[in-house]
Amino acid sequence: MTSPVPAGADRRIYIDKQSPTAYRALVQTSEAVRAVAADAGLDRVLVELVNLRVSQLNGCAYCLHLHTRAALRAGDTPQRLGVLAAWRDTDLFTPAERAALALAEATTAAADTAAQDTAYAAARDVLTEDQISAVIWVAVTINAFNRVSVMSRHRVRAEQ
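Residue numbers (my numbering): 10 to 169.
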């Protein structure tokens, strides 16, 4: 049995529209992070995998839709995207991607310091310090966008 939805709870403020100055600052941060990632040598596919994995963990349908399309445009495959939630159980991801995914998960579950230590140590084996920093910034930024979309209840509309 589900509990009734309180009156008005289904109506959310689109906080990106309500506070456009703050949202523009987040977009500018995202653009800076994208440049940092590129300068560190991270390819767009890896960045989109991080965006998708964090969005999966946060249950952000809007960001999943957006970044699935971006990952496909960047050259990723439907097979890899389809198994991303179980990336540890496949051999489809490179060592750098695996390290980035673990680091992104640890960034998203910030209270789990043991997972952070493990992910960070593994990342040091295959990523440069610039790449580690960039992956963490990508995860931090998509976490923020996830919260904007989830709290605003941004909808994914069927494509025509």
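Beta carbons are placed, not taken as given, at the ideal position from N, Cα and C, and that holds for glycine.
Counting only the Cα atoms, V54 lies some 9 Å from R82.
It is roughly 14 Å from the alpha-carbon of L66 to the alpha-carbon of D121. Counting C-beta atoms within 10 angstroms of its own C-beta, A47 has fewer than 16 neighbours from the protein chains shown and is therefore classed as exposed. Judged by pairs of C-beta atoms under 8 Å, the stretch 108 to 115 touches the stretch 123 to 139, as three or more such pairs exist.
Out of L61, C69 and C72, the CA that lies nearest to the CA of R89 is found in L61. Closest option to Y32, judged by alpha-carbon separation, among R162, R164, A153 and A167: A153. Contact check for L112 and I151: beta-carbon distance about 13 Å, past the 8 Å limit, so the pair fails to qualify. The continuous alpha helix (DSSP H) containing C72 extends over residues A70 to A83. Between the stretch 161 to 168 and the stretch 130 to 141 there are fewer than three C-beta pairs closer than 8 Å, too few to call the two in contact. Between A70 and S158, the C-beta gap is smaller than 9 Å, which places the two residues in contact. Cβ contact annotation for S39 (same chain, cutoff 6 Å, sequence separation greater than five): T150, in chain order.
A direct Cα-to-Cα measurement between V45 and V56 gives close to 11 Å.
In the three-state scheme derived from DSSP, where H, G and I count as helix and E and B as strand, E57 is classed as helix. Taken through DSSP and simplified to helix, strand or coil, Y32 comes out as helix.
Cβ atoms of L73 and S64 come within 8 Å of each other, at about 5 Å.
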